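Residue numbers (my numbering): 589 to 1050.
All residues carry an ideal CB built from backbone N, CA and C; glycine is no exception.
A quick note: this is a predicted structure, and the numbers were derived from the prediction, not measured.
Structure first, then comments.
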Ligand SMILES: Cc1ncc(COP(=O)(O)O)c(C=O)c1O
């Protein structure tokens, strides 16, 4: 047991040391992987270290290294080592954090971590929540609570912006909202929800006999990091008696910094907030969270008590997390968050989050000053979007889209960084999302320089 665990730990520590010198991405096509891996399970086992070596050589490297200092695509994830070790411990102890009887320590720890989140978000003491697999599951649970709070009406509809994450739409589908009743509210030039358009849609739907059950605001869209006007949306929802859910999966932990707190003003007025510790709180997957303003709104729809689970009822003050969401058997997600925070302290977390904000602002300055780059969306939280658009060339949008697609491909194949794209107001954009505590300005600068270099080469030829 120890030999295998030591080998695994050594592999991970070595990988960590090598990471900055490697490409951020590696992968393979299906045909090749079928040949390597598609086989019957062995009848007789193999030596454990040999199996580990095979995993380490043939399987695990074939992935986007989300924790690479130059991994800027989508929303990266750079877990701390205590968080990784916590997941190993949690698996080793094999605790099922579903109820107090079978996991009092883990359940208490989840209460502690959820209470930290509650205070960070500025929620009242009536609030509570649970840790989930991620933002997607958090939204499903939140929409179930919203529907219940609205009295489970016929013809329910939800509202979100045209920038909202696909997981919000999927959550609406999962809870049975018809496609045409998931209303996508247009956004303004800063990609924030147009509140006038929202008001019109809600009024139209009410007049048509439908029932708005939730407005879903963004606290950091994936494409541009845009934050909707949370205070104004809280006012709107209070006036209309509608649940306000905030998708803070990516941006939520910015509240730990003064700047982030200002940007996310009003988040504490929501009825529910989804927030992912596997994004900007530096935890390994899966570490999502859902907070609701009034914990009874979550426990009412999810609390089902069959006789065969009656032994697990310990009474008031002893929550069973299976009563708060869709999962019954659950791993001890709180342990990784707790061990990381205990090890590094909150000051280190604040500094690491502020660094993401700083680097994105600096990237924007660089882009604004570049004769080759055009800023398509200024730094918002830690996302900045841009494109190659050489000054004085007056190229059409279609030509620029083509140039930028080629630059993205060249970055992908020829540069160590991993950058992803977005489409903003119909224009193809390159996008950086900076949430890694190990990323330094040189990582960002050299990636922008590579984009400029490829941009010059490609647009010169275009
Ligand atoms: C803004 C936003 N919301 C929701 C999600 C979905 O979260 P998860 O992948 O943890 O389910 C993401 C994922 O990147 C996201 O960026």
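Ligand 1 and residue i: does the residue's C-beta get closer than 8 Å to at least one heavy atom of that ligand?
{"i": "residue 721", "result": "yes"}
{"i": "residue 930", "result": "no"}
{"i": "residue 1044", "result": "no"}
{"i": "residue 834", "result": "no"}
{"i": "residue 747", "result": "no"}
{"i": "residue 753", "result": "yes"}
{"i": "residue 856", "result": "no"}
{"i": "residue 924", "result": "no"}
{"i": "residue 864", "result": "yes"}
{"i": "residue 867", "result": "yes"}
{"i": "residue 806", "result": "yes"}
{"i": "residue 543", "result": "The requested residue 543 is not part of the displayed model; the chain covers only 589 to 1050."}
{"i": "residue 780", "result": "no"}
{"i": "residue 1067", "result": "In the structure as shown, the chain starts at 589 and stops at 1050, and residue 1067 therefore has no counterpart that could be examined."}
{"i": "residue 724", "result": "yes"}
{"i": "residue 876", "result": "yes"}
{"i": "residue 756", "result": "yes"}
{"i": "residue 809", "result": "yes"}
{"i": "residue 727", "result": "yes"}
Under 9 Å, Cβ to Cβ, is there at least one residue of chain C near residue i?
{"i": "residue 856", "result": "The chain inventory of the structure shown lacks chain C, comprising one protein chain alone."}
If you follow the beta strand (DSSP E) that residue i is in, where does it begin and where does it stop?
{"i": "residue 860", "result": "860 to 864"}
{"i": "residue 848", "result": "Careful: residue 848 lies outside any beta strand (DSSP E), inside the alpha helix (DSSP H) at 846 to 851."}
{"i": "residue 688", "result": "Note, residue 688: premise wrong, no beta strand (DSSP E); not H, not E."}
{"i": "residue 613", "result": "It is not in any beta strand (DSSP E) - residue 613 carries neither H nor E in the DSSP assignment."}
{"i": "residue 716", "result": "716 to 720"}
{"i": "residue 835", "result": "831 to 836"}
{"i": "residue 1017", "result": "1015 to 1021"}
Pick from the options: whose alpha carbon is nearest that of residue i?
{"i": "residue 752", "options": "841, 697, 813 and 762", "result": "813"}
{"i": "residue 613", "options": "890, 1006, 1031 and 1016", "result": "1006"}
{"i": "residue 876", "options": "789, 830, 665 and 811", "result": "665"}
{"i": "residue 861", "options": "706, 952, 677 and 967", "result": "706"}
{"i": "residue 952", "options": "975, 937 and 938", "result": "975"}
{"i": "residue 995", "options": "961, 610, 674 and 781", "result": "961"}
{"i": "residue 637", "options": "896, 594, 676 and 709", "result": "594"}
{"i": "residue 936", "options": "668, 596 and 973", "result": "668"}
{"i": "residue 698", "options": "993, 605, 927 and 748", "result": "927"}
{"i": "residue 919", "options": "679, 657 and 591", "result": "679"}
{"i": "residue 750", "options": "714, 847, 810 and 1016", "result": "810"}
{"i": "residue 1040", "options": "1012, 983 and 979", "result": "979"}
{"i": "residue 867", "options": "847, 791, 839 and 646", "result": "839"}
{"i": "residue 798", "options": "747, 910, 782 and 774", "result": "747"}
{"i": "residue 609", "options": "1003, 1016 and 1022", "result": "1003"}
{"i": "residue 889", "options": "880, 895, 966 and 775", "result": "880"}
{"i": "residue 802", "options": "790, 795, 1022 and 796", "result": "790"}
{"i": "residue 969", "options": "821, 744 and 1021", "result": "1021"}
{"i": "residue 617", "options": "592, 633 and 650", "result": "650"}
{"i": "residue 1094", "options": "964, 684 and 948", "result": "Lying outside 589 to 1050, the shown extent of the chain, residue 1094 is not represented and no answer is given."}
{"i": "residue 993", "options": "971, 1018 and 981", "result": "1018"}
{"i": "residue 688", "options": "897, 989, 1013 and 956", "result": "897"}
For the alpha helix (DSSP H) containing residue i, name the first residue and the last one.
{"i": "residue 623", "result": "618 to 625"}
{"i": "residue 708", "result": "692 to 709"}
{"i": "residue 828", "result": "818 to 828"}
{"i": "residue 728", "result": "723 to 737"}
{"i": "residue 601", "result": "590 to 606"}
{"i": "residue 1139", "result": "With the chain represented from 589 up to 1050, any question about residue 1139 goes unanswered, as that position is not in the structure."}
{"i": "residue 746", "result": "Element bounds for residue 746: not the alpha helix (DSSP H) but the beta strand (DSSP E), 744 to 749."}
{"i": "residue 636", "result": "636 to 642"}
{"i": "residue 761", "result": "754 to 762"}
Confirm the yes/no value for this check: CB of residue i, any heavy atom of ligand 2, distance under 8 Å.
{"i": "residue 839", "result": "In the structure shown, ligand 2 is absent; the only ligands present are ligand 1."}
At which residue ranges does the segment 879 to 948 contain complete alpha helix (DSSP H) runs of 4 or more residues, listed in the order of the chain? Every alpha helix (DSSP H) of 4 residues or more that sits fully in the segment 879 to 948 is shown, in chain order, as 884 to 890 and 921 to 932.
Whole runs of the beta strand (DSSP E) within the segment 953 to 1011, excluding any shorter than 3 residues: Considered as a whole, the segment 953 to 1011 harbours 961 to 968 and 971 to 976 as its complete beta strand (DSSP E) runs of no fewer than 3 residues, in chain order.
Count Cβ pairs between the segment 755 to 767 and the segment 932 to 951 that sit closer than 8 Å; are there 3 or more? Segments in contact, no.
Kindly confirm or deny that the segment 731 to 741 and the segment 926 to 941 touch, where touching means at least three C-beta pairs closer than 8 Å. Fewer than three beta-carbon pairs drawn from the segment 731 to 741 and the segment 926 to 941 are found closer than 8 Å, and the two stretches are therefore not classed as touching.
Ignoring anything shorter than 3 residues or poking outside the segment 765 to 820, list the beta strand (DSSP E) runs there in chain order. The segment 765 to 820 contains these whole beta strand (DSSP E) runs: 770 to 773 and 799 to 806.
Count the C-beta pairs between the segment 679 to 699 and the segment 919 to 930 that are closer than 8 Å, then say yes if the count reaches three, no if not. Short answer: they touch.
Given 8 Å, three or more beta-carbon pairs between the segment 868 to 885 and the segment 721 to 732: For the pair of segments examined, the segment 868 to 885 was found to touch the segment 721 to 732: the number of CB pairs separated by less than 8 Å reaches three.
Three CB pairs or more closer than 8 Å across the segment 827 to 838 and the segment 772 to 781: The segment 827 to 838 makes no contact with the segment 772 to 781, as fewer than three CB pairs between them are under 8 Å.
Contact the segment 632 to 646 vs the segment 846 to 860: 3+ CB pairs below 8 Å: Segments in contact, no.
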